[in-house]
Each structure stands twice: as structure tokens, then as C-alpha cells.
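Undergrad: So the protein lines, in turn, are chains A and B.
Sequential numbering from 1 applies to the first sequence in my numbering.
Sequential numbering from 772 applies to the second sequence in my numbering.
Number of protein chains: 2
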Amino acid sequence: CPSDTPINIKAPHENLWKPLTEQETLSVQEWLYDQKELNLTQFTTAGISDNSIWLIELITPNKTEAVSYLDSSSSSTNNRNSNSSPPKRYARAILFNGGYSVPHVKELQVGPLPISSETKAVSFSYIYQNSTVPGVDGEGVFPFNARTTYGIESTALGAFIVSFMTDIKDPMNDLIGGAYTGSEDDKLTFSWQGPNSFDGNWRRYWLFFMGRGFGAQYLSPTGFFVYVDTSGSDASTWYVRRVVYNHQVFQSLDDFKNAWQNGSIKKGTKINLDDDKWATRQRQGEELALLIEPFCEQRPLDDRVAPESTNFNGSRIRADREEGYVEWMDWSFYTGFNRDTGLTLWDIRFKGEKIIYEISIQEALAQYSGNDPIQSTTAYLDRHYGIGEETRQVLMGYDCPHGALTFNTSYYSDSKFAVNTDAICIFEQDLGFPTSRHSDPTNGWYGSTKGTALHVRSMATVYNYDYMFSYIFYLEGTVEILMGASGYLQATYWDGTQDDYGTRIHDTTMGSVHTHVVNYKVDLDVGGTANSLQTIDLVQEDVKFPWFDEDDPPTKQLRLQKTWVENETSFSVQGNNNNNGQRVLLIGNKEKKNAWGQERMYRIMPGYHTIHNAVKGSGRVLNSAKWGEDDVFIVKHKDTEPSSSTTWNQQMPIYPPVDFSKITTPAESIDQEDLVVYLNLGMHHVPRAEDTPNTLFTDSRSSFFIAPFNYFDDEPSRDIRNAVLLVQDPNSGKYGVEESGSGDDDKTCTPRADVTPAYIGQVETDLSSSG
Amino acid sequence: CPSDTPINIKAPHENLWKPLTEQETLSVQEWLYDQKELNLTQFTTAGISDNSIWLIELITPNKTEAVSYLDSSSSSTNNRNSNSSPPKRYARAILFNGGYSVPHVKELQVGPLPISSETKAVSFSYIYQNSTVPGVDGEGVFPFNARTTYGIESTALGAFIVSFMTDIKDPMNDLIGGAYTGSEDDKLTFSWQGPNSFDGNWRRYWLFFMGRGFGAQYLSPTGFFVYVDTSGSDASTWYVRRVVYNHQVFQSLDDFKNAWQNGSIKKGTKINLDDDKWATRQRQGEELALLIEPFCEQRPLDDRVAPESTNFNGSRIRADREEGYVEWMDWSFYTGFNRDTGLTLWDIRFKGEKIIYEISIQEALAQYSGNDPIQSTTAYLDRHYGIGEETRQVLMGYDCPHGALTFNTSYYSDSKFAVNTDAICIFEQDLGFPTSRHSDPTNGWYGSTKGTALHVRSMATVYNYDYMFSYIFYLEGTVEILMGASGYLQATYWDGTQDDYGTRIHDTTMGSVHTHVVNYKVDLDVGGTANSLQTIDLVQEDVKFPWFDEDDPPTKQLRLQKTWVENETSFSVQGNNNNNGQRVLLIGNKEKKNAWGQERMYRIMPGYHTIHNAVKGSGRVLNSAKWGEDDVFIVKHKDTEPSSSTTWNQQMPIYPPVDFSKITTPAESIDQEDLVVYLNLGMHHVPRAEDTPNTLFTDSRSSFFIAPFNYFDDEPSRDIRNAVLLVQDPNSGKYGVEESGSGDDDKTCTPRADVTPAYIGQVETDLSSSG
Ligand SMILES: [Ca+2]
Ligand SMILES: [Ca+2]
Ligand SMILES: [Ca+2]
Ligand SMILES: [Ca+2]
Ligand SMILES: [Cu+2]
Ligand SMILES: [Cu+2]
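1) Short of 8 Å Cβ to Cβ, which residues in the segment 1299-1310 of chain B face chain A?
2) Would you please state the rounded distance, in angstroms, between the beta carbons of Thr1418 of chain B and Arg1163 of chain B? I believe it to be under 8 Å.
3) Just checking, does the segment 153-167 of chain A make contact with the segment 124-140 of chain A on the three C-beta pairs under 8 Å criterion?
4) What number of angstroms, rounded off, separates the C-alpha of Ala783 of chain B from the C-alpha of Phe469 of chain A?
5) Around the C-beta of Gly1388 of chain B, are 16 or more other C-beta atoms found within 10 angstroms, so that it is buried, or is it exposed?
6) List in chain order the residues whose CB is within less than 7 Å of at least one heavy atom of ligand 4.
7) Is there a Cβ from chain B that is less than 8 Å from the Cβ of Asn338 of chain A?
8) For Ala1262 of chain B, is the beta carbon positioned less than 7 Å from some heavy atom of ligand 6?
9) Run down chain B in chain order and give the residues with a C-beta less than 9 Å from the C-beta of Ile505 of chain A.
10) Is the Cβ-Cβ distance between Ser732 of chain A and Val632 of chain A less than 8 Å?
11) For chain A, is any of its Cβ atoms less than 8 Å away from the one on Ala1194 of chain B?
12) Is the beta carbon of Asp1000 of chain B closer than 8 Å to that of Tyr1010 of chain B?
13) Give the interface partners of Pro757 of chain A over in chain B, defined as CB-CB distance under 8 Å, in chain order.
14) Could you pull out every residue in the same chain whose Cβ sits closer than 6 Å to the Cβ of Glu668 of chain A, ignoring the five residues on either side in sequence?
15) Could you check whether the Cβ of Asn850 of chain B sits closer than 8 Å to any Cβ belonging to chain A?
16) By the criterion of Cβ-Cβ separation under 8 Å, what are the contact partners of Lys1387 of chain B in chain A?
17) In this structure, does DSSP put Tyr245 of chain A in helix, strand or coil?
18) Applying the criterion that 16 or more other CB atoms from any shown protein chain within 10 Å of the CB defines a buried residue, is Asn613 of chain A buried or exposed?
19) Check whether the Cβ atoms of Ser798 of chain B and Pro885 of chain B sit closer than 8 Å, and answer yes or no.
20) Using 8 Å as the limit for Cβ to Cβ distance, is Gly607 of chain A near chain B?
21) Return yes when the Cβ of Arg316 of chain A is within less than 8 Å of the Cβ of Trp328 of chain A, no when it is not.
22) At a cut-off of 7 Å, would you count Glu629 of chain A as near ligand 1, judging by its Cβ distance to the nearest heavy atom?
23) Gln787 of chain A bridges to which residues according to DSSP?
24) Under the rule that 16 or more other beta-carbon atoms within 10 Å means buried, what is Asn580 of chain A, buried or exposed?
25) Just to check my reading of the structure: Asn589 of chain A and Asn710 of chain A have Cβ atoms closer than 8 Å, yes? What is that Cβ distance to the nearest angstrom?
26) Quick one, which residues of the segment 970-1004 of chain B are near chain A if we go by CB-CB under 9 Å, in chain order?
27) In three-state terms, what does DSSP make of Ser618 of chain A?
28) Against Pro1078 of chain B, what residues of chain A qualify as contacts under a CB-to-CB distance less than 7 Å, listed in chain order?
29) How many angstroms separate the CA atom of Glu541 of chain A from the CA atom of Phe980 of chain B?
30) Report the rounded CA-to-CA distance for Gly477 of chain A versus Ser717 of chain A, giving the unit in angstroms.
31) How many Å lie between Ile348 of chain A and Glu641 of chain A at the Cα?
32) Taking C-alpha atoms, which residue in A:Ile472, A:Ala366, A:Pro300 and A:Glu389 lies nearest to Gly1123 of chain B?
33) I want to see whether chain A comes within less than 8 Å of Glu1439 of chain B, judged by CB atoms only; does it?
34) Counting only beta-carbon atoms, is Thr1206 of chain B nearer than 8 Å to chain A?
35) Would you say the beta carbon of Ile1434 of chain B comes nearer than 7 Å to a heavy atom of ligand 3?
36) Beta-carbon of Leu290 of chain A versus every beta-carbon of chain B: anything under 8 Å?
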């Protein structure tokens, strides 16, 4: 009985995209502390008005260098004895420099690694369109107000909020039924929206307060909002700018207090802070059984374990866990990981040929609407909050099947090296339908190829939302890029004036309409890096053919209109230039043909519903999310343009450090160039009661297929052994097995081992006192 | 170790939609033969110029009657002791009346059943907009030229074709390299396109000839075409109307023969009739290993059986096999089946409430384009050819997982009662992702609900194409209607003049561009039959809010624009009135609200890419496929309009017996009426080399979701036991199980029994000599 554990192999070469190890990270941290001119304060003693290290992570090598190494490496004998040496490793170090007269964020490129006398720190600016700050020398600098909310400011920020909220605890208790004072007994907790700035000149945000409870907080907003200004690195200057309660705007806390004291305030309906079970994931049903027909105590047979996709004959995955390298059914790839965007895939090959150099999430936009200060101002760019940072353990048996290969992830920020065990799962899944089949009663035969696919999955819980990111590799050389969303709505307080902006989902709670757009980079290299874009439009023609009768009307039919697109451009999957899905998008090398003279291409094809941002020109994402304004963008690769976004775009919508419009315009030639596809998954989320407590992955899935199109001479899964062919005996009429499949004898091992769910949580190592 | 076999239960009432049994069918056949005024000739002796029975099947009861029975039945004590009696059963009998001066097709309604003195035959015409024939009395009649090609004409038709093809075997052997003479040694075989008429006044079609071989025929067209006229019921008048070879049109066989004899014919490239392995499903790889790098003999580990979704703890399906009734996780439904459209689902309930009265395929269009007489004339309406008739056995382990519940299907035509064993499979499948989840590092808890769904599947091989039809029931009350296509292309002969119409996929073979549109009827009854249609459009607004600073620009955001649609109408999922997916379609009862005052609705939501017919105004489907001209239609239910198509529409594009435009126009009120949704799945199939030998289900899937939208007060899968909740201990930091799932202990039964593939084929009982 073969083990369910994936089989260990050696990767063909080292993983160029492997995150910094704890040791590497520590060495960079120590080296930075040693550079006196950086004026850094150690984490343990630093405050917001000091200069401190926020983040250290790998800078993935420039593609040009990486490809040159890979090509020389793979031309040698497929082992690590190549003469060519891999690109040197460099770290991205981000300093939050609160200690200068103009406080700022500074990005450094530190390397080469390991630390040696050659190691230098230079401004990490070549990937940015905008990376200067008035009053600060050099490049690779960003306004301090554009920073993430980091560990070092938590004390000052907490004290600031507790201070003014304690001051109004009486009106809070009266109007809301609870207060926030920083105590463990508080009935309220809080959160705030983003962006917190438009241009980095200031930092302001709306705090919203909600009930505490076992998962209830996301669905328990109270309708009380405080607008604060936390600009700069001097916490003593932070102040409350405005208060909103029950549609009444108060220009100060005192105004609010006075209105309450003199009774002029108009009171709203209080949320019930004592009832939170409806908003949690606690199991429902038992108590309902007695009250509501036709609910049963449980669904019949739900005491039995639900079916699970299982390897009866051992895992078919091979992996180099050290190098984060995976092989499955002639597919191979390397994995990478970073704090901003999480899991990345590299050097994806099928049957030995390079297909995709990189697939990676670039950014995730969630833009809300509503009649309150939160929803009308929210537009999250989740890279800022850290899709990678929030990529946590997936639970075997629920998020992924037992027996999946898992990788840990890690990142460094706020002086801790954090490891999330089993945060990436990789498993082969029964698709539930064959890859292909034909049953032929005419000729008396039947054939079918078992359908399975490799899923590479990570899940990121960015506060309320749980994103599921899956890359699905099919037997025939197709990749599906799929995103789904679960977790909690960013709900808000409901009253009748909100009806046009969403759905009331409880007494005083509503879900507000919003749009999710997740941007992916797909760097296809189809038959080399010299690629072109072809569109095929299906157009209607009227044509007279000689074989018809004289009086027959012209034939109305489709004709393929093929166009090689000359310059960088974008496409809509729906509407505009592509009504009714009549446009095919293809990328490949014009010069490479298959056996039938057809250009060897890959097709970019929508799967589950795909959409882009529905709002045009919003100041919240004015120039920071230009990639979200259409479905698919095709641009020319540049080492200086590795990404469509960055950590700082969230707070800099007017002057985003990465301005995607500068990547697409002026439109450069894409004729036989190294092309990169940016495509969007997402959904217009119109909430419904069925989003309580959590949104369902079923309906929220969105996907694109990247599929071979005349890349091969025929269908490449024809070599699969998990396929069967039966032929009818012309005499007996009975079907006999002509070619049996790998599964067609008695393989009934049950590798299913420990099924007890085990959630470990993030393991953090404090590096602040190391070295 | 519980059995993997679904558990037997009794259906709440008898299945009103259960197909006629063999005994019922036989009794109707005998009764018809007894009616002397029908002038029927027994099958064994009938020729095309006789009157004979082609088809006998159930007429499903009128909805009004059925609902009245169901409502009275379910108001009693949920067993079969209800006082109300079920609607009487009636048969549809189709006579091919070749024996009259105006030969015609006649449809009869025979009943009530069982046969008694009350049993009568009346014209079955009330479901047709057009059902008369000039020169024939009464209604329920259709032109003889609109008939299906039936068993009784096979001798005459075969003799006709063999006769003229034998006459030209010398030029065929010379030009094509093979001939068709009706012998087992022929190198060629043939097929023909449809429609075969525009209005029933004539019956003509293009025969195309291709190489014979083990599955190769579909990909081996020779480029030789013969246009025949087989109008009427006198085979002696049938004739060859035209011949096309290598773009040369010959007005007769003699013209063709002469041109060949006198050498004036322009010869084309011969297809290689000796090499067909490339076009078969025989396994590839072994021989390639020696020739082409980097192909391996097989993919690594493919000798291991691929993973399979498995019930470790027994099946969770309950079924009444006698009645074709199924229950799973609070879902329940009945199954039906018919020759034209195959599997149908009835009285679909979730948690005891009726959701959908009927889901059924109505029609499947495949419309081709090309520069030859076949592809430029083909527009199949597969109902004519029999989607049900071609619904054959699914193979366990490939088409569906082992342990699936299966139902047999049956139909009667050409005097045989045909049974297809295991033609419907019903199984619960591991979705590979959770239904919902939230991981909460902020509050220290994690919860996930296992994702599974019930799949109800049938597969129909209509000659070359294998359709997969799946209905997927999710735990939260959502149904996904999914269609995929595999099997063979209707390929054609390739030469350079075809480049604008598809893709060359072999030396002399091409795949031609075509569109598949599969029409479904979804009769939602949401909170009763009185339903209305609401659209929610996401529109952009610019608004000034009081909480912003004076100089802030207006907020740009989305607003929900809700509209109750007054009259029957249609919608595009992409483009036209719905760019970028910004329109939500909802159906429900205006008067029924959930706990939060929201109308209880179901949403019609696109899943995998959905399209409609891309060609407007083609004579081949002029009025016969009006349902294919948009994505979603909402109409008012009528007992006289049970369907969007019929068997005869294929051959009657100008005057279709069911004219969908008369169902949609004039647009009737849909305000609180019994509404029916007709929606389309499909794809524009732009062939690629990867369609050889068979199209892949991966990319061809198309689907719609029917999902609750404020139908419930919250998310209904909260009662699921296959769900887990873990909570972090604030002291130890460790996560402990708060609520364990059904699968979280050691359930490792391996119910996987016999995995040897067994294909049985159709079992036919000859009823021609019975009685
Ligand atoms: Ca550019
Ligand atoms: Ca590229
Ligand atoms: Ca109507
Ligand atoms: Ca209805
Ligand atoms: Cu959402
Ligand atoms: Cu097709």
C-alpha cells in the first residue's frame, strides 16, 4: 500500500524565488543595524518618531537574469552541475523613518547575499514610476503617511483612541449600549477603513465601532463613526476630526457630547449587543428543531462523513520540499512567497516545455458603496494589508483533502519572523467528470479518460474576508486561475436610508454592495519569450456558394477574423468589444507552428464569471488601480515593471508609486516581444441574507483558463494510463476491455490517516533581540 | 462499515413523470393496432409507404393538474394515503403515415391509461403553434418530410445510396482512394447533415463520405459530397440532385462520372485512408517515447490509480428506485425521461419547500460554418435525433465515481423498447473546497464547512458529440445547471479555402467553427407559483455626503437600481443591456418577505461562460430556434406551452410546430404570474488541434447558478454537521476543537468494491411480434 505522502525528488536547479530564510533575514537585519548612517533604532526601543525596520524580504531576480540562468542550466544535464551560476540574492528592506524632519518610508535593496564586504544598500526604486518625497533626498522614498499601520505605532495609536473614546463612554453607553475604553470588559471593539490618504500629505481614517463576540464583530456595526487624523510621526498632534452618529455630523467630540447632554441629538435604533450567535459560525439547528418546521435536528445522514477525494494508490505528486518544487503528470513549477501578495508560481513547464514564467497575484481591490462614512470611503488594496501576511494554515479535510502536500510560508515584519504551517496545499483532485470521452454505439466502442487536476491553493483572511486562491493544472496542458471569497462581509449599520446600497441582513445590520477585483500577472512564454497577440473575432457573413440552388438565399454563417494586435491593449470579456463571447484571445510565437502549420498559441479564456471595476474615476482609487478598469491587459515585459501595484498604492491613489497607466501607455509594440498578461478575477458582490454569517465559495468563484490552442499537434492527454477503452464483440455484442486503466484493478488502500482536525496558528520568532 | 449503496426509502407520492413501462407501452401499441381507422401496418411488414408507429412515450401531466395533486397530497400526512388522485396517464403516439396520398406525421394523445373502454386517441395538438398539413384533415399533423430517419426506411434508403455510390466506385477509388458499396470491405462510410427541409415541402440533404475505422470516421472526411432528394414516401422517386468534389459542382452523377472519365475533373489531395490511429482514442505514448523528446513512455506515477471521491462512511443519498425519487441533504426531487430530451427533474424541494417545478433540456443547437456543402448547411436541433435516445450508460470510475446511484433509462421507438442500464448517475462529490470558512487570527478561532454537492448526470452521444448534462445541488440551496461537450468534432475536409472557417487539425482534416446552444427550461416556483421578475442594476452615482470636507469631490460609487419587470422579456449575460455583469436577475413572490423585510427571491446567475447563437437570421434556423437568440428568457407559464421546441422543428425552420417567438410575443404580463425561465448554455467552438481526437470537458463547460437571494433569513448550511469549529485557548495559544465535524474521527471504510469497468450497451426488447 503506497504512502499517501508525495514522493521526494530533487529539483532540477535551486529555487531562484525561494523566500529569505530566517537566517538570511536575521543577517540582513543585523547588517542594517550596523549601518550607522541609517540611524536605525532597535525594534525593542523604537517609537513612531524613530527610524525602524518594518519589512525584510526577497527581491525576486530580474527575469532577464533568471531566464538566462535557467536556459543555460536546462541545457546542461538537468542537474545542478551547471556551470552558469544563479542570479545573486537581494533583500528588500523597508524602513519606516519617523525620526527625520520629513518622516518617510524608505525602500532599500540590500545585497548580494549572503552578507559580505560586497553587500551594499541602495535605493530600491527602479520598479517605481513615482518614488520621491519633497524634502527627502534620493529615490525609493514614500510619504510616511502612506505606511502600513505597523507594530511600533500600536501603543501610541491605542492610547490615542482609548483616550477620546473613554471620554465619551457615557453617551456611548446611552446611545449604543456599550463603550470602548480599552478594557477587556468593553462591549465594543473597532476597525477602520482605507485608503487613509489620497496623496501622502495627510493620514486620516474613519473608525467604526461594533459589538465584540465570537465572530460577531464583523456583522455588528453600531452606526457610530469617528474620523481621526494621525498624520506624521508625532502622535501628540493626532486628533479627532469629526464624529457621525445616526446621520448627524459633529465637527468635534465636544459637539457630540454637548448634543447628547442637551438632548438635541436624534437617537437611532440600538443594535442588540447581547445576541451575537446569529453572527457566528456556531452550528445551527438543534434548538430550531423544536421551533420551526420543517427543520430537522440535523439533515438526514449528515452524521456520516461527507465524501472525500482520496488517493487509493498513493500520491502521484513528486516534490522537492526544500526548494518548493513540484512535479505532477508532466507539469512542473517552483513556488515563491512574499508578504504583500502571498504565493507565487514560477517557471511552469508542461511536458518539459516552458509555458508560463510567472503567475502571481498583484493586488486585490474591494471597493464599497453606501450611505455612511465607512462604506462610501472604503476601497481596500489588500496588498497593503498583506495578502501574504494573512495567508494562514489551511485545514486538512476541510480547506483541502487529507493527504495533500503542504508547504509552510514565512515572512518577516515588525521584527518577527512568522511561519504559517501548512499554508499552501497541493493536491490532486477527482474532477468528478472525465477529461474526455466518447461512447460510440455506431461502431461499438467506448473510451474515457479519468478527470483529475492538480490544485495549488492558498487562503488569505484579510481581516473579514477569506480569499481562496487556486491554480488548477489539467492533464491536457490547461491552467485555470481561480479565486473565490468566503468569510465575513464588511457589514455596516442598517437603516432605511441605506436601501439603495445593499441588503438588510439583520435587525440593524446590512451588507453593502461592493466590487472585488483581484489582479493577476500571467507571464506566458509560449514557444520562447518572443510572443505576439492574436485575436479571432467571430463575425457574421452572408455568402453565396456554388452548390446551392439558384433561388437559395445567401448563407448566413460565421467567419474567423484574425488580427495580430500591434500594440499594448486591453480587452473586455463581456460587452464593449466582445459581446456574446465572440472574441478569442491568443498568445504565442508567430514563428512557431505545429505540424498543421498553425501558430502554436495559448488561449486566455474566461471561466467562471469575470468582471472589472464598475466605478469609473473614483478618487479613492484614482490612479492606483488602473489595472482594474478592464478584464485583460497585454503589455510588454520590462524588468523595471515587475508588478501592477505595490504596498503603497493603497494610500497614494493620486500619485501611486506603481502607476499601471504608465505601463500600458504610451502603447508599445507587442509584436514578437516578451508579453505579460494582467487579468482580473472578481465579482460584484450584491449581498443577500445568505451571506450570514459567511459568504459562500459556491457562487463567488471567478476564473480564467489558460489553454493550449494549436500548441500541440493533438490532444496531449492521449498518453494517460488512467483511461479505458472497451470494444464490442461483433458476435456476442458484449463489450470487452481493449485498454484498461490504471485504476481498473483492486486498489483499495486507505491511506487516510489521522483525520483529527489540527489548527496550529502562526508561529512567530522574535528576532528583535537576536544578534 | 455502512454500505456505499444509497439507502432505500419510499417516495412521498407516486412519480407523475415516470416514463411508460414496457407493459404500458406494449398495451398502447396493441391498442393502436386494434384501431382499424388508423390503418396501421405492423412493424415487421411495414415499408415507408405504409402507416406505422414510430414512437410511444408518456405525455407528462399538465402542470395545473399536477400541482393541484401535489398540493393536496403534501397537505395530507406525507404518505400515499391522500384522497386526491394523481392525474391520469396519457401516451404520445407518433405515426409515420406514409400510406396516404398526402403522407404525413400524426401525433396522437392516447389515454387514459391503463387501457380501458374509456381510452381514446385524440390529436395531440394543443402544445403546438403550427400543426396542420394542407390536404390532411385535423390537427396534430406534420409534413412527412419533417420526420426523423426511422427504422422502416433504412432498407430503402440504404439501397438508394448503395445503388448510386456503387455506380461511381471507379472514380471514387481513383479520386478518394476508396468507395462505398454497402460492403463490409468498403473503405468509406457516410453521414449527412441537417436540416433536411425548410418547410416540409421537400426533404433533401448532403451526404458526406469519410474513412471507416476505429473511431476515425468522424475525423476522416474525404471532401466528397452528394446532395440527395428523398422527398415523400415513394422511394422510387428519390434522386441525386448534385455532387461536389474539390470545389467542383456537378449537377448529376453522370456529369461527375464524365468529368472524371474525360479528365476534366480537377483532382484534390487524397486523405490517407490507411492511417487512422491518430483519429482514435487508442492510447498514445509508447511508440512516441523513442521518437520525440521529451515524451516519456508514460507520465511519472500514472501507473497509480488517480484519486477518486469516496464515501468512507456510506452513501448519504436516499432514493426510491421504483419511483425515480431522490433525497440528499434536505433536497428532494423526482426524475423523468423522454426520447427527445432525456433526463428531466421534477418537484425539486429544499428543506421541504418547493423551489423548482421542472428543470429540463429543451433543445440543443449546433450550427456550423464553412466553405463546403456540409458545414455551410448544418444546423442540428438534437431533439430531433433524440437526446434521450442517445443517452447511454455512464461508466463507473470514469464518467461518474464508483458507488454512485444509477437509474436506467428507457424509450420506445421503431417497435423496440430500449433500456440503457446505468444511464443516469447520481452521486455526492467532494467539491475540493469548503462551502464556507473563516479563519480569525484576530479573535483566535477557525471554522469551515466541508464542501460537497450532489451531482445528477446523464451523457448523450448524439452521433459524434458527447454532451455531459449535470445538475449540481449545493448544501446552501443553490442549483448549478451545467453542460459540457466532449466526443468528436463534426470535422470536414481541409483545403486552404477553409482557413477562414476553422482550424486545420491534420493533413486533410479541419475543425469548423460552430456554436452550441443548449436550451433549458427552469420552472422556478419561489414561494408559490405567483412570481415576479426583479432586476437590480448596479449604476454609478456621484453624491455629496455631509460628513466629507467641503472641498472633497463628490463620491463616485454604485447604487442599486431595482426594477420590477412588467412583461415577458429576455436578457443577455454579456453585452447589450448587461456590460460587465452589472445586472442581477431575481425571481420570487413579491408578497413573501424574509425576516428582514426582503423579498424572498432566487437569483439566475451565470457560472462558466454562457453564450447564445452568434448568427442572426440564418434560414437554417429561421424561426425554429428563436430561444437561441438571447441568454435568458422569462415567460408566463401555460399548459399549452410546455416546451420551447419539438421533434419536428429541425426540419421546419420556416414554420416550426413550436414557434418560440409566439411564446414570448406579444409580451404578456409577468407580474405575480407563474413564470418559466428558459436559459441557454453553450459555447462558440473554435476548434484547435487539441480537439483531436476528442474535445475536452475542461474548457467546454458552461453553467448557470440558481441561487437563493434573501430566500432565507441567513445561510442555510449552518446546520451542517460536516463542519468544524476550533477556538484558541487564550492561555496556551493552542487551538482546540469546539465543535467537531462528522468526519473528524476514524472513518476509513473502503466501500470501493468491483472496479472492473463494465460497459453493457443498450438492451433492446423487440415488441413488434408481441401480442
Ligand atoms: Ca508598456
Ligand atoms: Ca512573456
Ligand atoms: Ca407568452
Ligand atoms: Ca414557475
Ligand atoms: Cu464581498
Ligand atoms: Cu463543438
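Just so you know, even glycine gets a beta-carbon here, dropped at the ideal spot from N, CA and C.
TA: Taking the structure as given:
1) Ile1307 and Leu1309
2) By 1-based counting over the second sequence, the position of residue 1418 of chain B is 647. By 1-based counting over the second sequence, the position of residue 1163 of chain B is 392. 20 Å between Cβ atoms; not a contact.
3) no
4) One-based indexing of the second sequence puts residue 783 of chain B at position 12. One-based indexing of the first sequence puts residue 469 of chain A at position 469. Note that residue 783 of chain B corresponds to Pro in the displayed sequence, not to Ala. Spanning the two alpha carbons is a distance of roughly 43 Å.
5) Along the second sequence, read from residue 1 onward, the residue named residue 1388 of chain B stands at position 617. So Gly1388 of chain B ends up on the exposed side.
6) B:Tyr1128, B:Asp1294, B:Leu1295, B:Asp1296, B:Thr1300, B:Asn1302, B:His1408, B:Asp1445, B:Leu1446 and B:Val1447
7) For the purposes of this step, residue 338 of chain A is identified with residue 338 of the first sequence, where counting begins at 1. No, because no Cβ of chain B sits closer than 8 Å to the Cβ of Asn338 of chain A.
8) As a working mapping, residue 1262 of chain B is identified with position 491 in the second sequence. Answer for Ala1262 of chain B: no, Cβ out of range of ligand 6.
9) As a working mapping, residue 505 of chain A is identified with position 505 in the first sequence. The contacting residues are Trp1367, Gln1369, Asn1481, Asp1484 and Asp1485.
10) For this step, residue 732 of chain A is matched to residue 732 along the first sequence. For this step, residue 632 of chain A is matched to residue 632 along the first sequence. Going by C-beta atoms, Ser732 of chain A is not nearer than 8 Å to Val632 of chain A.
11) Numbered from its first residue, the second sequence carries residue 1194 of chain B at position 423. Chain A, which has no Cβ nearer than 8 Å to the Cβ of Ala1194 of chain B, makes this no.
12) By 1-based counting over the second sequence, the position of residue 1010 of chain B is 239. By 1-based counting over the second sequence, the position of residue 1000 of chain B is 229. Yes, they are a contact pair.
13) Here residue 757 of chain A corresponds to residue number 757 of the first sequence, with the count starting at 1. Those within 8 Å of Pro757 of chain A in chain B are Val1495, Leu1497, Val1508, Ser1511, Gly1512 and Asp1515.
14) Residue numbering aside, residue 668 of chain A sits at position 668 when the first sequence is read from its first letter. These residues qualify, in order along the chain: Glu568 and Lys636.
15) Within the second sequence, residue 850 of chain B is the residue found at index 79, counting from 1. Because Asn850 of chain B sits at a pLDDT of 49, beneath the cut-off of 50, its placement in the model cannot be relied upon, and the point is left open.
16) Numbered from its first residue, the second sequence carries residue 1387 of chain B at position 616. The contacting residues are Gln540 and Lys556.
17) Position 245 of the first sequence, counting from 1, holds the residue named residue 245 of chain A. The answer is strand: DSSP assigns Tyr245 of chain A an E or B state.
18) Along the first sequence, read from residue 1 onward, the residue named residue 613 of chain A stands at position 613. Classification of Asn613 of chain A: buried, given that the 10 Å Cβ count is 16 or more.
19) On the second sequence, position 27 is the one that residue 798 of chain B refers to. On the second sequence, position 114 is the one that residue 885 of chain B refers to. Yes. Within cutoff.
20) The sequence position of residue 607 of chain A within the first sequence is 607, counting from 1. Judged by the 8 Å Cβ criterion, Gly607 of chain A is in contact with chain B.
21) Here residue 328 of chain A corresponds to residue number 328 of the first sequence, with the count starting at 1. Here residue 316 of chain A corresponds to residue number 316 of the first sequence, with the count starting at 1. Result yes, Cβ atoms of Trp328 of chain A and Arg316 of chain A sit closer than 8 Å.
22) Counted from its first residue, the first sequence places residue 629 of chain A at position 629. No, the Cβ of Glu629 of chain A stays beyond 7 Å of every heavy atom of ligand 1.
23) Limits of chain A in this structure are 1 at one end and 771 at the other, which puts residue 787 of chain A out of reach.
24) Position 580 of the first sequence holds residue 580 of chain A. Label assigned to Asn580 of chain A: buried.
25) If you number the first sequence from 1, residue 589 of chain A lands on position 589. If you number the first sequence from 1, residue 710 of chain A lands on position 710. That belief does not hold up - the Cβ atoms of Asn589 of chain A and Asn710 of chain A are roughly 12 Å apart, past 8 Å.
26) Trp977, Arg983, Gly984, Phe985, Gly986, Gln988, Tyr989, Phe996 and Tyr998
27) Residue 618 of chain A sits at position 618 when you count from the first residue of the first sequence. It is coil, neither helix nor strand.
28) The sequence position of residue 1078 of chain B within the second sequence is 307, counting from 1. Near Pro1078 of chain B (Cβ distances below 7 Å), the residues of chain A are Ser309, Thr310, Asn311, Glu428, Gln429, Asp430 and Thr452.
29) The residue given as residue 541 of chain A occupies position 541 in the first sequence. The residue given as residue 980 of chain B occupies position 209 in the second sequence. So the alpha carbons of these two residues sit roughly 27 Å apart.
30) Sequence index remark: in the first sequence, residue 477 of chain A carries index 477 (1-based). Sequence index remark: in the first sequence, residue 717 of chain A carries index 717 (1-based). Distance between the alpha carbons of Gly477 of chain A and Ser717 of chain A: 8 Å.
31) Mapped onto the first sequence, residue 348 of chain A falls at position 348. Mapped onto the first sequence, residue 641 of chain A falls at position 641. Taking the straight line joining both Cα atoms gives about 20 Å.
32) The residue labelled residue 1123 of chain B in the question sits at position 352 within the second sequence. Selected option, being the one with the closest Cα: A:Pro300.
33) Counted from its first residue, the second sequence places residue 1439 of chain B at position 668. Closer than 8 Å: no.
34) Here residue 1206 of chain B is taken as the residue at index 435 of the second sequence, counted from 1. Thr1206 of chain B counts as touching chain A.
35) Here residue 1434 of chain B corresponds to residue number 663 of the second sequence, with the count starting at 1. True, at least one ligand heavy atom lies under 7 Å from that Cβ.
36) Position 290 of the first sequence holds residue 290 of chain A. Annotation note: pLDDT 49 at Leu290 of chain A (below 50); position unreliable, no value reported.
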